[in-house]
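Below is one structure; the comments refer to it alone.
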Amino acid sequence: MLPEFELVQPENLNEATDILLDLGEKACLLAGGTDVFTAMREKGFEPEVLVDLKTIKELRGIGPAGDHRVSIGATTNLREVETSNLVREVCPVLAETVGKIGSIQVRNRGTIGGNLGNGSPAADSAVALLILDAEVELESSAGRRTVPIESFFIGPGETAIKRGEILRRVFVNAIKPATSAVFLKYGPRQAMDCAIVSVAVALTFDPSGGCQRARVALGAVAPTPIRARQTEALLMGGEITQERLEKALEAARAEARPISDIRASAGYRSHLVEVLVKRAVKKAVDQHGAAMNRSR
42 MLPEFELVQP ENLNEATDIL LDLGEKACLL AGGTDVFTAM REKGFEPEVL VDLKTIKELR
102 GIGPAGDHRV SIGATTNLRE VETSNLVREV CPVLAETVGK IGSIQVRNRG TIGGNLGNGS
162 PAADSAVALL ILDAEVELES SAGRRTVPIE SFFIGPGETA IKRGEILRRV FVNAIKPATS
222 AVFLKYGPRQ AMDCAIVSVA VALTFDPSGG CQRARVALGA VAPTPIRARQ TEALLMGGEI
282 TQERLEKALE AARAEARPIS DIRASAGYRS HLVEVLVKRA VKKAVDQHGA AMNRSR
């Protein structure tokens, strides 16, 4: 059974931010409810007021945002992101990643804003958004501000959202030309489980086949989803040889800061970082090679 709570349904974003500012910690935002209701039912979470955002139109929808970007409203459900023709065309790795969250039933309820706003180190969408250099737009009664996704996560369950602020939209950059992007995750089951480790890689190649730009992101191996910048640096600057790849894998393992918990030991997670980064890099290289062959 759920604990008792008051349900408030603001008509617009201004009303919602005013309610949050007034109630503070007494209130909790409700979007898809897939995490909130689980926490209330199983983890002793007892908010006095749930602020339902589903009726606020300006928080929904997917569309172009100029400068080769896609705008995704915070309460847009994950299934919409997964199946969006625009997302699939401009940043297909995000659609692929979101399609691996939970089950189709969960994706029909869960939202992109909820997946990010929980501040989970294992949030799948966060790992893909990191390699896409995405930004989130936050709104309060004082106005709007934009935060790079890398600065959005502060710690486990903590984000850059301040009291009275609501995550309004996510801005996602289009995949750059000659770029291959890959998302991989490992868990006990193919669906419904949080990732033990997740990895996203985006490699941009020059005409000779060398890697001129790299993005590597890791999930569930640190207090927040992280960019593996040393790993990226070792992948850039020429052909990805076996020697360079091995050095990059060592760096990835060193950049991860996993803990042991009920799902896996720290040592096992460190091992999986190397395995998944290696697979993702090789898959990205193979995808680029196949694309080059098709264009000849």
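In this note's numbering, each residue's number is its place in the sequence shown (first place is 1) plus 41. For every residue, glycine included, the Cβ atom is placed at its ideal position computed from N, Cα and C.
Secondary structure in the segment 56 to 110: the beta strand (DSSP E) runs of 3 residues or longer, each lying completely within the stretch, are 68 to 71, 90 to 93 and 103 to 105 in chain order. According to DSSP, residue pairing for K226 in a beta bridge involves S239. As a beta-bridge residue in DSSP terms, P189 pairs with E176. Less than 7 Å separates the beta-carbon of A297 from that of L259.
Judged by DSSP secondary structure, L317 falls within the alpha helix (DSSP H) whose first and last residues are A307 to S336. Beta-bridge analysis with DSSP links T245 to T220 and R254. Per DSSP, the beta-bridge partners of I207 are E180. A direct Cα-to-Cα measurement between V128 and A201 gives close to 25 Å. DSSP places G140 outside both helix and strand once states are collapsed to three, so it counts as coil. Cβ-Cβ separation between T79 and N118: approximately 17 Å, too far for a contact (criterion under 8 Å). Buried is the label assigned to M81, since at least 16 other Cβ atoms lie within 10 Å of its Cβ. Apart from sequence neighbours up to five positions away, the residues of its chain that approach C252 with a beta-carbon distance below 8 Å are L244, T245, F246, L276, M277, G278, G279, E280 and I281, ordered along the chain. Spanning the alpha carbons of R256 and S166 requires a straight line of approximately 15 Å.
Annotated as proximal: F212 and S112, with beta-carbon spacing under 7 Å.
Beta bridge pairing from DSSP links L259 with V240 and I267.
Rounded to the nearest whole angstrom, the C-alpha separation of A164 and L290 is 22 Å. Judged by DSSP in its simplified three-state form, T152 adopts strand. By the C-beta criterion, the segment 143 to 152 is judged not to be in contact with the segment 179 to 189, since fewer than 3 inter-stretch pairs fall below 8 Å. Around the CB of K67, fewer than 16 other CB atoms lie within 10 Å, so the residue is classed as exposed. Apart from the 5 residues on each side of it in sequence, A261 sits with its Cβ closer than 8 Å to the Cβ of P162, A163, C235, A236, I237, V238, S239, P299 and R310 in its chain, given in chain order. In the same chain as G198, and ignoring 5 residues on each side of it, the C-beta atoms closer than 6 Å to its own belong to G160, in chain order. Linking A331 to A219 through their CA atoms gives a straight-line distance of about 12 Å.
Taking each of T272, L157, F86 and L62 in turn and checking the Cα distance to E45, the smallest one comes out for F86.
In this structure, DSSP gives G158 a helical state, which the three-state scheme calls helix.
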